[in-house]
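Chemist: After the structure tokens below, expect a handful of questions from me.
Residue numbers (the working numbering): 4 to 159.
Okay, here's the thing in structure tokens:
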């Protein structure tokens, strides 16, 4: 049976890159998401993107707290690259910083079931699949300094 619910509201928030990730970013994020949720009626919440968390996961946990429609924290997806060896979404590429996870997907576990989630790196895909879909092995590396996250959800 197909659930008739569909997406009926979306918003995008651009956080200030110069904000303090430990304080200003979180307060700015909470205020923006809270305002967007208060402005509409949503069956589910998904917050995704580049969180630039390098020192602590605390800002992510503070943002997720109480944002689900039932008042519980949003769940954090834990995608791995297709080879299953890494969750890095930002790659070093000549930087003095180590590769790591900077991108996250948070979602309403009360109304959504996460079916699949992965970090897409085209070098992990078989050559035959790449050719069939007109892709090159380095496409995801050239497209951005961050690797895309892919998550499939189903309504509960």
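For each residue, glycine too, the CB sits at the ideal point set by N, CA and C.
These numbers come from a predicted model, not from an experiment.
Alpha carbon to alpha carbon, how far is residue 124 from residue 144? Give it in angstroms, no decimals.
Modeler: The count along the chain shown starts at 1 and reaches residue 144 at position 141. The count along the chain shown starts at 1 and reaches residue 124 at position 121. Taking the straight line joining both Cα atoms gives about 7 Å.
Chemist: Can you give the Cα-Cα distance for residue 37 and residue 130, rounded to whole angstroms?
Modeler: Residue 37 sits at position 34 when you count from the first residue of the chain shown. Residue 130 sits at position 127 when you count from the first residue of the chain shown. The straight-line gap from Cα to Cα measures roughly 44 Å.
Chemist: With respect to the beta strand (DSSP E) encompassing residue 53, which residues constitute its N-terminal and C-terminal limits?
Modeler: The residue labelled residue 53 in the question sits at position 50 within the chain shown. That run of the beta strand (DSSP E) goes 49 to 53.
Chemist: What is the DSSP secondary structure of residue 38, reduced to helix, strand or coil?
Modeler: Taking the first residue of the chain shown as 1, we reach residue 38 at position 35. If DSSP states are grouped into helix, strand and coil, residue 38 belongs with the helices.
Chemist: Please give the ranges of any beta strand (DSSP E) in the stretch 70 to 155, keeping only runs that are unbroken, at least 3 residues long and fully inside the region.
Modeler: With a minimum length of 3 residues, the continuous beta strand (DSSP E) runs that stay inside the stretch 70 to 155 are 106 to 110 and 115 to 122.
Chemist: If we call anything under 9 Å between Cβ atoms a contact, is residue 113 one with residue 159?
Modeler: Working through the chain shown from its first residue, we reach residue 113 at position 110. Working through the chain shown from its first residue, we reach residue 159 at position 156. Cβ distance < 9 Å, so residue 113 and residue 159 count as in contact.
Chemist: Measuring straight from C-alpha to C-alpha, what distance separates residue 138 and residue 74?
Modeler: Position 135 of the chain shown, counted from the first residue, corresponds to residue 138. Position 71 of the chain shown, counted from the first residue, corresponds to residue 74. For residue 138 and residue 74, the distance between alpha carbons rounds to 42 Å.
Chemist: Let's see if you can read the secondary structure: which residues bound the alpha helix (DSSP H) around residue 67?
Modeler: Residue numbering aside, residue 67 sits at position 64 when the chain shown is read from its first letter. Run containing residue 67: 61 to 67, per the alpha helix (DSSP H) assignment.
Chemist: Would you call the stretch 51 to 63 in contact with the stretch 104 to 119, where contact means no fewer than 3 C-beta pairs closer than 8 Å?
Modeler: With the cut-off at 8 Å, the stretch 51 to 63 and the stretch 104 to 119 touch.
Chemist: So residue 109 and residue 156 are in contact, right, with Cβ under 8 Å, and what is the actual spacing, rounded?
Modeler: Working through the chain shown from its first residue, we reach residue 109 at position 106. Working through the chain shown from its first residue, we reach residue 156 at position 153. Not confirmed; about 12 Å, so no contact.
Chemist: Report all residues from its chain with a CB closer than 8 Å to the CB of residue 115; omit the five preceding and five following residues, and keep chain order.
Modeler: Residue numbering aside, residue 115 sits at position 112 when the chain shown is read from its first letter. Here the set comprises 47, 49, 156, 157, 158 and 159.
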